[in-house]
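One structure is given below, encoded as C-alpha cells.
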Amino acid sequence: MQSIVSNDTRPLSPAPVQGSEMPSPSKQGSLHYTQDGGDKSPPGSAPGNASGLGDGFLLHGQEDIGESSTAAFSPATFRILSGVIGGIGVAGFLNNLLVIALFLGFKRLQTPTNLLLVNISLSDLLVSIFGNTLTLVACVRKRWVWGNGGCVWDGFSNSLFGIVSISTLTVLSYERYSRVIKARVLDFSWAWRAVTYTWLYSAAWTGAPLLGWSRYTLERHGLGCSIDWASSSPPDGAFVLFFFLGCLAAPLLVMGFCYGRIVLAITQFRYLHVEQVQTAGRMTQGWRGETRVAR
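Numbers given in my numbering equal positions in the sequence shown, counted from 1, plus 148.
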C-alpha cells in the first residue's frame, strides 16, 4: 500500500472549540485571554479585573496598567531610591507628628498662625503615610504593583495633600501681610475657615480627574502616578493649563506680592530708623556745642 507523505512540517493544532479560551495579542504586544463573553483578563485574575489586585475598574480614559513589569532603573538605583524614599518617609512622619503633638499638648502654642502651620504638617504627614509608602513598595518590587485603583489613589492623594500645603503657605503669607502691613491680627475663626477652604479648594482640583476631566495615570518611571501631563486631548490639555495656573502660578504670585510688600516695608522702616538716629545724633551734637558756648 502506497503511503501519502505531506511536505508540510508545521505542527498540527486542534481546532478552536466554542467556549474555550484563545490568546489574542493586545496593542502592547502582550497576551490577554479572551472569552466568548468579551471579558479580557490576564491569566489568574478574576473576570473583569485587569490588575488582579481587586481594583478592576477604570476611570474615564484610563488605560489598564495592571502591574508594570518594565524596570526603569538598574537594581542599584532601585536600592538607592528605596533608601532615600524610605528615609524621607520616616523623617517626615516623625517630624510632622511631633509638630502636631506639640500643638495639641501645649496651650500657649495654640495660636491662629500655628494652626496654619499644623495644617501644613498634617498634609505632609499624610503624604508620608500614603504617598511614600506606595512609592517605596514600588521601588522595592522594582515595578508598580498596586494596579489601577492604587494608581488613582496615589495620584489623587499626593495631588490633594500637595495642593493643601501650597494653599496653606499662600494663606500664611497673607496672614503675615495682614499683621505687618495692615496691623490686623487674625483670630482662630478666620484661621479655621482658611484651613477648611484650603481642603475644599484642593479637593475641587484633584476631584476633577475622578469625574472625567483629565485622569490619573502611571508616570514614566513607573513608581508613582499623577495627572496625565502628556495627554494630547484638548480637554486634558486645558485642565493641565488651568491646574498649573490655579495651583502653582496663582499661589506663587500671591506669596510673592505679600512677602515682597513685607520686605519693602521692613526696608523702608530700616531706612527711616537710620535717618531718625542720624538726625537725633546731629541734634545732640548741636545741643552739646551750644552748651559749651553758653558756659
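C-beta: ideal position from N, C-alpha, C; glycine also.
Between the C-alpha atoms of residue i and residue j, what's the straight-line distance to the nearest angstrom?
i: Arg341; j: Tyr419; result: 37 Å
i: Val247; j: Ser269; result: 7 Å
i: Leu282; j: Phe405; result: 37 Å
i: Val319; j: Gly303; result: 24 Å
i: Val402; j: Ala352; result: 20 Å
i: Ala331; j: Tyr322; result: 12 Å
i: Ile452; j: Asn296; result: Only positions 149 to 443 of the chain appear in this structure, which leaves residue 452 out of reach.
i: Gln258; j: Gly235; result: 30 Å
i: Leu274; j: Gly237; result: 10 Å
i: His369; j: Lys290; result: 10 Å
i: Ser337; j: Cys373; result: 36 Å
i: Cys287; j: Leu252; result: 35 Å
i: Ser266; j: Tyr325; result: This sequence places Val at residue 266; Ser is not what is there. Taking the straight line from one Cα to the other gives about 19 Å.
i: Gly360; j: Lys255; result: 45 Å
i: Ile334; j: Phe391; result: As written in the sequence, residue 334 is Leu, which differs from the Ile given in the question. Cα-Cα distance, rounded: 29 Å.
i: Val232; j: Ser305; result: 21 Å
i: Pro260; j: Val343; result: 10 Å
i: Ser381; j: Ala397; result: 22 Å
i: Leu264; j: Ser350; result: 15 Å
i: Phe221; j: Thr365; result: 19 Å
i: Thr225; j: Asn262; result: 39 Å
i: Leu242; j: Ala249; result: 10 Å
i: Ala378; j: Val388; result: 9 Å
If you follow the beta strand (DSSP E) that residue i is part of, which residue opens it and which one closes it?
i: Ile277; result: That residue, Ile277, is in no beta strand (DSSP E); it is neither H nor E in DSSP.
Per the DSSP calculation, residue i is bridged to which residue(s)?
i: Leu366; result: Cys373
For the alpha helix (DSSP H) that contains residue i, what are its first and last residues?
i: Ser326; result: Gly295 to Val328
i: Trp292; result: Premise fails: Trp292 is in no alpha helix (DSSP H) and is neither H nor E.
i: Gly235; result: Pro223 to Gly253
i: Gly385; result: Pro382 to Phe392
i: Trp353; result: Phe336 to Gly355
With distances taken Cα to Cα, identify the nearest neighbour of residue i among the options.
i: Ser313; options: Gly297, Leu400, Tyr364 and Leu257; result: Leu400
i: Ala356; options: Leu242, Asp376, Val343 and Val232; result: Asp376
i: Cys299; options: Gly279, Tyr407, Arg409 and Ser379; result: Gly279
i: Pro383; options: Ala398, Arg363, Ser374 and His369; result: Arg363
i: Val328; options: Phe226, Phe221 and Gly408; result: Gly408
i: Leu371; options: Leu317, Val293 and Thr316; result: Val293
Enumerate in chain order the residues of its own chain whose CB-to-CB distance from residue i is below 8 Å, with the five nearest sequence positions on each side excluded.
i: Asp272; result: Gly240, Asn244, Phe309 and Ser313
Kindly list the residues whose CB is nearer than 6 Å to the CB of residue i, restricted to its own chain and excluding five residues on each side of it in sequence; keep chain order.
i: Ala194; result: Only weak support is given to the placement of Ala194: the predicted model assigns it a pLDDT of 39, under 50, and the value that follows is read from those uncertain coordinates. Excluding positions up to five away in sequence, the list is empty.
i: Thr354; result: Phe304, Ser307 and Leu308
Less than 7 Å between C-beta atoms, sequence neighbours within five positions excluded: which residues of the same chain meet that for residue i?
i: Gly185; result: Unreliable positioning characterises Gly185 in this predicted model, as indicated by a pLDDT of 39, which lies under 50. The coordinate reading is nonetheless provided below. Excluding positions up to five away in sequence, the list is empty.
i: Ile414; result: none
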